[in-house]
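Below is one structure, written out as structure tokens; the observations come after it.
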Amino acid sequence: MSLGRVDFSGKKVSATEADAIIADLKQYLLGLADKWLIKGRFHTDMGNGTLPMEAIKIFWQNWYGFVAEINNFHGVAYQRQQPFFKRHPELLKHFAAHVADEMIHPKPPGHIQIVLEQGRNFGLQDDDMVEYEMLAECRAFLEYYRGVLYEGTTAEWWASFCVEEAVGHWARFFGGALRKSYNFPEDKIVYFRVHAKADLEEHDGIMAHADLDWLVLKNLLMEGKAETRPGFNLEYCMRMGTSYFAMFFEGVYQQIKKEGLYKE
Ligand SMILES: [Fe+2]
Ligand SMILES: [Fe+2]
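Taken in order, the sequence shown gives residues 85 to 348; the numbers are from the working numbering.
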């Protein structure tokens, strides 16, 4: 059994053991992200330049709806999970910086502003994003996080949020494909540059978002606080987050190709 499937509820593990669990989970997450996301048909077509621009626009309308809420969820987690973070001022410092980064970088209201800017670069009007009715497959990604936030455990939240690591790698791929296959100049892919950096690299003294996600999870494991509900384990959280992320693109793809629910 892989380490990520063990029930760690109430079990304190050493720093070395925690590192081994995290390494296992990270490898699992990146493997799934590569298989389901990057090698999925949306991104394969995008890499070849055969995905119609219309698909990228629809994706972006949905992505706006996702970003508009997900960063606020992290703010809600900041409030709900204070009991743990109160005893960890070092982690709290990074958590505060993480939440703030999404809200104020490069200027308030933060990343959501770059989502609008990026959408305009794709030829969308602000209203096309703000008033858009999200597809079910895309909304599901958001709703999974809402469910874990309000009904799940702290460990489930952070394990699910580790998917931010995959988001960083995805942003790098997406920006590269826009540059290479869709001839977007550097200044028109700002969202993807900002994201790959924010999620994967230390920037302006702020820890890479994904590094913080893993670090909080490691601390929860070491303190015996990595509790998970029946039918949930840390690996499952990675799998669900990544599945919904992949489904997000699959929904857009099906709509464009008029498949499944979108058949006419
Ligand atoms: Fe962001
Ligand atoms: Fe982030």
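Ideal Cβ placement from N, Cα and C applies to all residues, glycine included.
These numbers come from a predicted model, not from an experiment.
Limits of the alpha helix (DSSP H) - the one that residue i falls within
i           : result
residue 154 : 137-164
residue 224 : 220-235
residue 241 : 238-245
residue 341 : 318-341
residue 127 : 125-132
residue 252 : 248-265
residue 278 : 274-284
residue 61  : In the structure as shown, the chain begins at 85 and stops at 348. Residue 61 is therefore absent and cannot be evaluated.
residue 298 : 293-306
residue 110 : 99-116
residue 203 : 195-205
residue 288 : Careful: residue 288 lies outside any alpha helix (DSSP H) and carries neither H nor E.
residue 90  : First-last for residue 90: undefined, no H or E at that position.
residue 212 : 210-214
CA nearest to the CA of residue i, picked from the options
i           : options            : result
residue 322 : 179, 100, 109      : 109
residue 328 : 100, 150, 139      : 150
residue 153 : 229, 212, 162      : 229
residue 281 : 252, 123, 222      : 252
residue 158 : 330, 284, 107, 243 : 243
residue 213 : 166, 287, 197, 132 : 197
residue 312 : 186, 340, 240, 192 : 240
residue 102 : 88, 216, 161, 340  : 88
residue 165 : 234, 348, 94, 86   : 234
residue 128 : 341, 223, 257      : 257
residue 185 : 287, 99, 271, 348  : 287
residue 208 : 122, 172, 226, 138 : 138
Nearest-angstrom beta carbon gap, residue j and residue i [assumed within contact, 8 Å]
i           : j           : result
residue 146 : residue 274 : That belief does not hold up - the Cβ atoms of residue 146 and residue 274 are roughly 19 Å apart, past 8 Å.
residue 206 : residue 302 : About 38 Å; that fails the 8 Å criterion.
residue 333 : residue 143 : 7 Å
residue 326 : residue 255 : Between residue 255 and residue 326 the Cβ distance is about 15 Å, and since that is not below 8 Å, they are no contact.
residue 195 : residue 155 : 7 Å
residue 306 : residue 96  : 6 Å
residue 299 : residue 175 : 7 Å
residue 216 : residue 148 : 7 Å
residue 308 : residue 94  : 5 Å
residue 238 : residue 304 : 6 Å
residue 291 : residue 178 : 5 Å
Same chain, Cβ closer than 6 Å to residue i, five either side skipped, listed in chain order
i           : result
residue 248 : 283, 293, 294, 297
residue 262 : 268, 273
residue 117 : 250, 326
Proximal residues to residue i (C-beta, below 7 Å), its chain only, five neighbours per side dropped
i           : result
residue 343 : none
residue 131 : 261, 265
residue 339 : 142, 219, 346
Residues of its chain near residue i, where Cβ-Cβ distance is below 8 Å and the 5 sequence neighbours each way are ignored
i           : result
residue 114 : 249, 250, 253
residue 324 : 228, 244
residue 221 : 331, 332, 334, 335, 336, 338
residue 86  : 108, 112, 319
**Asked** Do the segment 183-202 and the segment 275-294 make contact, defined as three or more Cβ pairs closer than 8 Å?
**Response** Segments in contact, yes.
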